[in-house]
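This report concerns only the one structure given below.
There are 2 protein chains.
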Amino acid sequence: MTTSTTRTKRAKGRDTAAPGRPTQKDIALAAGVSQAAVSLVLNKAETPSVPVATRTRILEVAEELGYRPNHPARMLRSARTMTFACVIPDITNPFYPGLVRGLQTVAGPAGYDVLIFDTDGRPEREARAIDWLLQGRADGVVATFFHLRVPQLAVLARKGIPLVRLESQHKPDGPLAIDSVYIDNAEAAAAMTRLLIARGHRRIAMIQAEFGPSHRRAQGYGAVMREAGLSPDFVTDSAYSEESGARAMRRLLDRKRDRPTAVFGASDVLALGAMEAARAAGLSIPGDIAIAGFDDIPVAKLLGLTTVRQPEFDLGALAAETLVRRLQPGGLKAPGKSHELKFEIIKRSSV
Amino acid sequence: MTTSTTRTKRAKGRDTAAPGRPTQKDIALAAGVSQAAVSLVLNKAETPSVPVATRTRILEVAEELGYRPNHPARMLRSARTMTFACVIPDITNPFYPGLVRGLQTVAGPAGYDVLIFDTDGRPEREARAIDWLLQGRADGVVATFFHLRVPQLAVLARKGIPLVRLESQHKPDGPLAIDSVYIDNAEAAAAMTRLLIARGHRRIAMIQAEFGPSHRRAQGYGAVMREAGLSPDFVTDSAYSEESGARAMRRLLDRKRDRPTAVFGASDVLALGAMEAARAAGLSIPGDIAIAGFDDIPVAKLLGLTTVRQPEFDLGALAAETLVRRLQPGGLKAPGKSHELKFEIIKRSSV
DNA sequence: TTCCTTTAGTAATACGTATAACTAACCGAA
DNA sequence: TTCGGTTAGTTATACGTATTACTAAAGGAA
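This is the structure in structure tokens:
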């Protein structure tokens with residue numbers, strides 16, 4: 001009969017006694033109804049069991065107290081965060097902000113917020129992102145992973161968190177809720193390489209990064225070069241940064257012979273670094289050396305960089321649409337799809 | 001004695017029966033202990049009341065089941081999100097990614113994640129950000145607001161959410177937990193204006209945006225111009241975008257007389273747009289027209305834009321440090337401080 | 001009057017975690 | 001033998017919300 005439990009009701013409560021945010025309980029108290037009634041009124045557009053008078057009273061009190069729903073509590077109860085995560089390697093690479101914008105444009109109206117998680121392109125930070133996601137902080141993810149592969153990512157899908165990967169090539173359908181959006185990176189790089197060859201270049205070098213889409217782009221370039229009877233010429237530096245691009249370019253320019261007449265950066269940021277190094281060496285572009293990039297980030301236009309346009313905004317929007325669809329009832333069961341968007345070769349003055 | 005409550009224990013449970021993420025209860029069940037014991041072991045480095053054997057058993061089971069703490073539940077319980085929000089007007093403006101990086105560099109090691117909220121510089125989205133924060137989604141905020149003023153922001157501080165504003169000038173100390181970091185925008189603009197005058201320019205125009213730091217920069221410019229006996233010449237376009245900058249520049253170039261010989265963009269992005277428009281009009285920079293900017297975003301270097309360097313990374317880092325300090329016990333009581341960092345005039349080829 | 005239906009809600013519970021308060025079992029000392 | 005202390009935990013509760021199951025009161029019909 002648990003008689004002894006008639007303990008005094010613990011006077012402490014919250015020791016801070018902060019004026020904290022008002023809860024539904026506070027509203028209920030002030031309006032003279034139960035917390036359940038408040039929850040009903042605040043969440044349903046129509047409440048058959050609550051008359052208009054009570055309803056408006058509750059709403060007024062809520063307004064007056066400045067009530068805002070407690071997000072954690074809501075998440076806990078409904079297991080829905082109404083949040084998408086966007087996992088990217090480097091927010092300072094101008095390619096990604098455009099992607100994020102595309103995401104937000106679709107996610108916002110659908111009621112989802114977008115959060116950004118920066119991995120720095122490092123394996124341990126990518127793993128941390130997965131952990132972060134497994135904590136239930138987002139309902140879905142759009143991501144670029146340089147290191148993790150499907151086996152490591154499958155855990156997300158298994159726990160009911162759909163993932164859309166930003167890929168560099170078509171992926172076969174899979175049973176899990178892992179989709180992808182991509183442009184055909186190999187074909188795009190091939191097209192750019194053909195352009196360089198058509199402009200008369202024979203010694204064409206490619207600046208690569210160690211990880212990420214650079215690999216696939218290199219394949220396209222390599223294939224076309226060999227097809228044309230030319231030998232591929234790769235310089236690899238670590239990251240997708242201007243410093244990496246500049247460093248690689250300096251290595252090329254330091255050569256005594258076989259100095260290339262054209263350089264293809266595996267990304268615009270790399271190409272920009274290359275341009276800088278070339279200019280610093282007193283070379284004119286494209287007079288002394290032609291330079292091409294990949295991505296068509298906003299500054300490419302300003303600098304006259306010939307490049308491959310990726311529809312970043314559309315990729316983001318498409319990814320968001322895919323997630324929204326996945327999160328509709330039953331959406332998680334559909335097989336994983338790979339969606340292709342078209343690239344475009346943008347000819348400017350650097351080639 | 002509540003006899004009737006011996007109702008059948010509701011067979012449903014979770015109808016989905018999803019393999020969902022394992023909880024502490026699952027671990028407890030598998031390890032043959034109570035949920036409380038699991039919580040203790042998982043959270044405390046040392047548990048006097050749990051012997052090593054039990055401890056390792058619990059940890060093993062947790063590992064085996066792939067346990068991850070449920071973030072919403074944790075937040076609800078502890079009222080701590082371990083998250084900072086970064087509220088900015090436009091993630092595609094290259095100034096902000098640098099700021100975010102600075103933030104992350106300090107926040108990460110301190111255990112905080114950083115989320116980005118993009119307001120698009122619009123009043124309603126700024127209000128939405130406040131709402132979002134009041135839902136308890138972040139422990140602290142670093143923000144740039146173009147429209148909201150202290151009265152609207154005070155609600156955050158009152159609910160215990162410290163805010164660090166990215167400002168354009170010194171702010172007097174206040175009683176609330178609202179701090180700011182800034183460079184002296186007026187003085188910086190003044191210095192740049194002096195440079196332009198020293199280079200012999202007399203007709204110097206400034207391209208402004210409607211909101212944000214542009215105003216304060218215009219003051220510095222205006223003061224120096226008048227001091228030198230010259231008349232300030234403002235062109236205002238809506239946003240901090242290249243299109244705005246280009247449009248404003250075209251308006252200047254369309255003039256029949258008093259065409260400026262130098263143009264000072266209130267931000268680098270505006271200046272970039274201006275450069276573009278000038279080039280499109282066949283003008284050489286700085287031969288026909290000199291152009292200066294403000295911010296020193298990464299591409300400014302590539303384009304040889306003379307500009308004011310804001311230490312974006314350091315501003316972000318300082319803001320994060322301020323938040324971390326605020327969130328230490330008692331930290332919310334200190335008066336709001338304004339921290340100044342130094343700007344630098346970066347002379348390049350565009351002036 | 002009795003029974004049924006509608007109205008206007010309320011009570012209870014679950015979500016997963018953290019923590020304060022408690023306790024059963026055992027050992028050693030006075 | 002009784003008391004005190006340690007060991008190894010457990011029980012109970014709270015955080016704020018959403019939702020299901022329930023019910024008291026009033027009104028109307030038979």
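Going down the list, the sequences are from chains A and B.
Note that full-length UniProt numbering has the first sequence beginning at 1, numbered continuously upward.
Note that full-length UniProt numbering has the second sequence beginning at 1, numbered continuously upward.
Beta carbons are placed, not taken as given, at the ideal position from N, Cα and C, and that holds for glycine.
For residue j and residue i, the rounded distance between their alpha carbons
i, j, result
"residue 184 of chain B", "residue 338 of chain B", "11 Å"
"residue 250 of chain A", "residue 277 of chain A", "6 Å"
"residue 15 of chain B", "residue 160 of chain A", "Confidence in residue 15 of chain B is poor, its pLDDT being 32 and thus under 50, which makes the residue's placement too unreliable to answer from."
"residue 64 of chain A", "residue 57 of chain A", "10 Å"
"residue 280 of chain A", "residue 156 of chain A", "47 Å"
"residue 240 of chain A", "residue 199 of chain A", "27 Å"
"residue 43 of chain A", "residue 34 of chain A", "15 Å"
"residue 154 of chain B", "residue 208 of chain A", "50 Å"
"residue 30 of chain B", "residue 61 of chain B", "7 Å"
"residue 79 of chain A", "residue 70 of chain B", "10 Å"
"residue 5 of chain A", "residue 40 of chain B", "Residue confidence for residue 5 of chain A is low, a pLDDT of 29 falling below 50, so the modelled location carries little weight; the figure read from the coordinates is stated next. If I take the Cα positions, the gap works out to 25 Å."
"residue 324 of chain B", "residue 305 of chain A", "42 Å"
"residue 137 of chain A", "residue 83 of chain B", "11 Å"
"residue 150 of chain B", "residue 334 of chain B", "17 Å"
"residue 348 of chain A", "residue 135 of chain A", "46 Å"
"residue 152 of chain A", "residue 171 of chain A", "16 Å"
"residue 307 of chain B", "residue 294 of chain B", "5 Å"
"residue 328 of chain A", "residue 113 of chain B", "28 Å"
"residue 123 of chain A", "residue 148 of chain A", "7 Å"
"residue 103 of chain B", "residue 158 of chain B", "24 Å"
"residue 242 of chain B", "residue 273 of chain B", "4 Å"
"residue 218 of chain B", "residue 193 of chain B", "10 Å"
"residue 315 of chain A", "residue 117 of chain B", "20 Å"
"residue 163 of chain B", "residue 188 of chain B", "25 Å"
"residue 336 of chain A", "residue 91 of chain B", "30 Å"
"residue 205 of chain A", "residue 268 of chain A", "15 Å"
"residue 311 of chain B", "residue 296 of chain B", "9 Å"
"residue 195 of chain B", "residue 346 of chain A", "38 Å"
"residue 120 of chain A", "residue 106 of chain B", "15 Å"
"residue 174 of chain B", "residue 182 of chain B", "16 Å"
"residue 13 of chain A", "residue 301 of chain B", "Low per-residue confidence applies at residue 13 of chain A: pLDDT is 34, beneath 50, and the placement is therefore not dependable, though the value from the model is reported in the following sentence. Approximately 58 Å, taken between the alpha carbons."
Per DSSP, cross-strand counterpart(s) of residue i
i, result
"residue 180 of chain B", "B:165 and B:338"
"residue 115 of chain B", "B:85"
"residue 308 of chain B", "B:345"
"residue 236 of chain A", "A:208"
"residue 291 of chain A", "A:263"
"residue 174 of chain A", "A:336"
"residue 143 of chain B", "B:87 and B:165"
Inter-residue CB distance, residue i and residue j (contact presumed, cutoff 8 Å)
i, j, result
"residue 214 of chain B", "residue 266 of chain B", "4 Å"
"residue 22 of chain B", "residue 76 of chain A", "Wrong, their Cβ atoms sit about 16 Å apart, outside the cutoff."
"residue 246 of chain A", "residue 264 of chain A", "Actually they do not touch by this definition, with Cβ atoms about 15 Å apart."
"residue 220 of chain A", "residue 190 of chain A", "4 Å"
"residue 252 of chain B", "residue 235 of chain B", "6 Å"
"residue 271 of chain B", "residue 201 of chain B", "So it is not a contact: roughly 15 Å between Cβ atoms."
"residue 53 of chain A", "residue 38 of chain A", "That pair is no contact at about 15 Å."
Limits of the unbroken alpha helix (DSSP H) element including residue i
i, result
"residue 266 of chain A", "Segment: none, residue 266 of chain A is in no alpha helix (DSSP H) and carries neither H nor E."
"residue 224 of chain B", "214 to 227"
"residue 244 of chain B", "242 to 253"
"residue 26 of chain A", "24 to 31"
"residue 78 of chain B", "71 to 78"
"residue 197 of chain B", "185 to 198"
"residue 100 of chain B", "95 to 107"
"residue 129 of chain B", "123 to 134"
"residue 284 of chain B", "Counting along the chain, residue 284 of chain B falls outside any alpha helix (DSSP H), and DSSP gives it neither H nor E."
Residue range of the unbroken beta strand (DSSP E) whose run includes residue i
i, result
"residue 50 of chain A", "First-last for residue 50 of chain A: undefined, no H or E at that position."
Contact test: residue i Cβ vs the ligand MN heavy atom, cutoff 7 Å
i, result
"residue 122 of chain B", "Ligands displayed in this structure: none; no statement on the ligand MN is therefore possible."
Should the region 86 to 99 of chain B be called in touch with the region 142 to 153 of chain B, which here means at least 3 C-beta pairs below 8 Å? Counting Cβ pairs under 8 Å, three or more are found: they touch.
Cβ contact check for the region 282 to 300 of chain B and the region 225 to 235 of chain B: 3 or more pairs under 8 Å: no
On the three-pair Cβ rule with 8 Å, is the region 252 to 270 of chain B touching the region 314 to 323 of chain B? Here the region 252 to 270 of chain B makes no contact with the region 314 to 323 of chain B; the two share fewer than three CB pairs at distances below 8 Å.
Do the region 331 to 347 of chain A and the region 128 to 136 of chain A meet, that is, are 3 or more Cβ pairs less than 8 Å apart? no
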